[in-house]
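Note sheet for the following structure.
Number of protein chains: 2
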Amino acid sequence: MNTLSYGLLSLLTKNSRSGYELMLHIQPFWSAKHSQIYPLLALLEQKGHVAYVHVPQSDKPDKKVYSITEQGKEALREWIAEPTDEPVTRDELSLKVYCIGLVDKEQARKMLAVREVYYRKKKERFGSLMDKLQQGSDKPLAQLEIGDDAFGMYVLVHKATMKVDTDLIWCEWMKEKLK
Amino acid sequence: MNTLSYGLLSLLTKNSRSGYELMLHIQPFWSAKHSQIYPLLALLEQKGHVAYVHVPQSDKPDKKVYSITEQGKEALREWIAEPTDEPVTRDELSLKVYCIGLVDKEQARKMLAVREVYYRKKKERFGSLMDKLQQGSDKPLAQLEIGDDAFGMYVLVHKATMKVDTDLIWCEWMKEKLK
DNA sequence: CTTATCTATGTCATTATTGACATATAAATA
DNA sequence: TATTTATATGTCAATAATGACATAGATAAG
Numbered sequence: 001m002n003t004l005s006y007g008l009l010s011l012l013t014k015n016s017r018s019g020y021e022l023m024l025h026i027q028p029f030w031s032a033k034h035s036q037i038y039p040l041l042a043l044l045e046q047k048g049h050v051a052y053v054h055v056p057q058s059d060k061p062d063k064k065v066y067s068i069t070e071q072g073k074e075a076l077r078e079w080i081a082e083p084t085d086e087p088v089t090r091d092e093l094s095l096k097v098y099c100i101g102l103v104d105k106e107q108a109r110k111m112l113a114v115r116e117v118y119y120r121k122k123k124e125r126f127g128s129l130m131d132k133l134q135q136g137s138d139k140p141l142a143q144l145e146i147g148d149d150a151f152g153m154y155v156l157v158h159k160a161t162m163k164v165d166t167d168l169i170w171c172e173w174m175k176e177k178l179k
Numbered sequence: 001m002n003t004l005s006y007g008l009l010s011l012l013t014k015n016s017r018s019g020y021e022l023m024l025h026i027q028p029f030w031s032a033k034h035s036q037i038y039p040l041l042a043l044l045e046q047k048g049h050v051a052y053v054h055v056p057q058s059d060k061p062d063k064k065v066y067s068i069t070e071q072g073k074e075a076l077r078e079w080i081a082e083p084t085d086e087p088v089t090r091d092e093l094s095l096k097v098y099c100i101g102l103v104d105k106e107q108a109r110k111m112l113a114v115r116e117v118y119y120r121k122k123k124e125r126f127g128s129l130m131d132k133l134q135q136g137s138d139k140p141l142a143q144l145e146i147g148d149d150a151f152g153m154y155v156l157v158h159k160a161t162m163k164v165d166t167d168l169i170w171c172e173w174m175k176e177k178l179k
């Protein structure tokens with residue numbers, strides 16, 4: 001079973017969710033399109049790691065709401081104990097920046113400006129996520145512990161926020177360099 | 001042509017390199033195995049974007065040293081002007097951390113400790129890279145400008161250093177949380 | 001003395017991932 | 001009014017990426 005499948009199981013330990021919702025919630029931490037997720041959910045269902053109920057909706061299309069099974073939880077626990085793969089990053093901008101001398105300052109600035117907008121939006125999204133997390137919590141997020149349900153999400157959003165702040169600092173630094 | 005192909009061309013704007021060297025130098029910024037790189041180099045050669053000379057070696061296996069052609073440089077310039085893809089990150093640890101409540105504190109600490117070692121090694125590698133960069137430069141790195149040959153590499157290594165420092169700060173923060 | 005690592009290039013089957021196609025309704029925006 | 005966005009699920013061809021296999025000499029570590 002691939003890493004994304006375990007990722008889907010991980011999300012399902014907190015809430016039952018539709019494939020569409022799973023896609024939206026996993027994307028900040030693992031890039032994946034719906035065309036990859038739906039077939040994997042079908043496989044997980046075949047294997048008995050998840051089960052779903054068909055939920056009819058009047059205003060929106062019907063959906064399948066998936067839940068993790070006891071068997072799925074057991075598979076998850078085994079996966080967590082195994083050695084963890086190293087992170088993989090692929091950023092086209094890095095490759096372009098490497099040979100940035102090929103273009104003039106103006107073009108370079110524009111390239112960086114587009115990316116800065118991307119980072120700002122990302123920061124905003126993580127900010128909202130943190131707010132939503134606080135609203136759903138009965139104690140201040142800083143007091144959450146490993147046993148608390150929201151702990152994992154909290155520490156991940158915290159990390160994401162730290163990283164996007166670093167990206168923005170680099171953008172500012174680059175603007176100075178390209179003045 | 002895919003992004004990695006352009007990445008290889010980017011590296012070749014600074015130095016002529018063998019496929020093996022290209023693999024080693026691109027990996028910090030774009031994960032790729034030799035089995036992907038060698039076929040792409042053959043394609044780039046077919047298209048006339050790169051050319052190679054066979055270099056016999058006595059102590060080590062022979063190598064093919066690739067150089068970018070004028071045509072390759074033109075392709076690069078066109079690519080840089082196009083919109084840049086958003087970065088893709090896939091980190092299995094994030095998925096595990098999300099459901100970290102499934103394991104006990106001790107196991108969680110060990111998981112994070114392995115990752116911390118990974119980050120420390122990475123930081124060291126980027127530190128060496130920066131040193132090597134300074135040795136090859138006639139002025140202090142902080143004074144490099146867009147026209148300078150080492151500028152792209154310098155700003156990239158700077159970014160990588162900032163990011164890995166952020167990762168390490170998160171690791172320390174997590175150690176506190178898991179005390 | 002043996003095993004692992006580094007150098008160096010390559011192929012190929014398998015797996016992972018994307019992008020396009022397909023369908024359908026509601027709401028918001030231009 | 002027309003187009004885009006969001007909701008919702010799915011298939012399938014094409015592309016990207018990995019891991020295993022193959023070869024081979026040198027050096028380093030255990």
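Chains as they are written, first to last, in the UniProt record's numbering: chain A, 1 to 179; chain B, 1 to 179. Glycine is no exception: its CB is placed at the ideal position from the N, C-alpha and C atoms. Fair warning: this is a prediction, and the values are worked out from it, not measured in the lab.
- Judged by DSSP secondary structure, A:S58 falls outside any beta strand (DSSP E); it is assigned neither H nor E.
- Between A:E92 and B:T89, the gap from beta carbon to beta carbon reaches 8 Å or more.
- A:V65 carries a strand assignment under DSSP once its states are collapsed to helix, strand and coil.
- Spatial neighbours of B:K105 in its own chain (CB-CB distance under 8 Å, excluding positions within 5 residues in sequence) are listed in chain order as L178.
- A:L22 is a Cβ neighbour of A:L11, given a cutoff of 8 Å.
- For A:V50, the beta-bridge partners assigned by DSSP are A:I68.
- Considering only A:L129, A:V157 and A:W173, the residue with the shortest C-alpha distance to A:E116 is A:W173.
- Distance from the CA of A:Q57 to the CA of B:L41, rounded to the nearest whole angstrom, comes to 52 Å.
- Your pair A:M162 and B:W170 checks out as a contact, with CB atoms roughly 6 Å apart and the cut at 8 Å.
- Beyond the five residues adjoining it in sequence on each side, B:R77 comes within less than 7 Å, by CB distance, of no other residue in the same chain.
- Within chain A, V88, T89 and R90 have C-beta atoms less than 8 Å from the C-beta of B:S31, given in sequence order.
- In this structure A:H54 does not touch A:I68 by the C-beta definition: roughly 18 Å separates them, more than the 8 Å allowed.
- Close partners of A:F126 in chain B (Cβ separation under 9 Å) are lacking, with about 13 Å as the shortest Cβ gap.
- Inter-segment contact for the region 152 to 159 of chain B and the region 125 to 139 of chain B is present: three or more beta-carbon pairs are separated by less than 8 Å.
- Listed along chain A, no residue sits closer than 7 Å to B:G72 by beta-carbon distance, the nearest being about 11 Å off.
- The residues M111, in chain order, have a CB closer than 7 Å to that of A:K96 in the same chain once the five nearest residues on each side in sequence are set aside.
- Looking from the CA of B:M153, the closest CA among A:E176, A:R109 and A:I100 belongs to A:I100.
- Neighbours of A:T3 across chain B, judged by C-beta separation under 9 Å: R90, E92 and L95.
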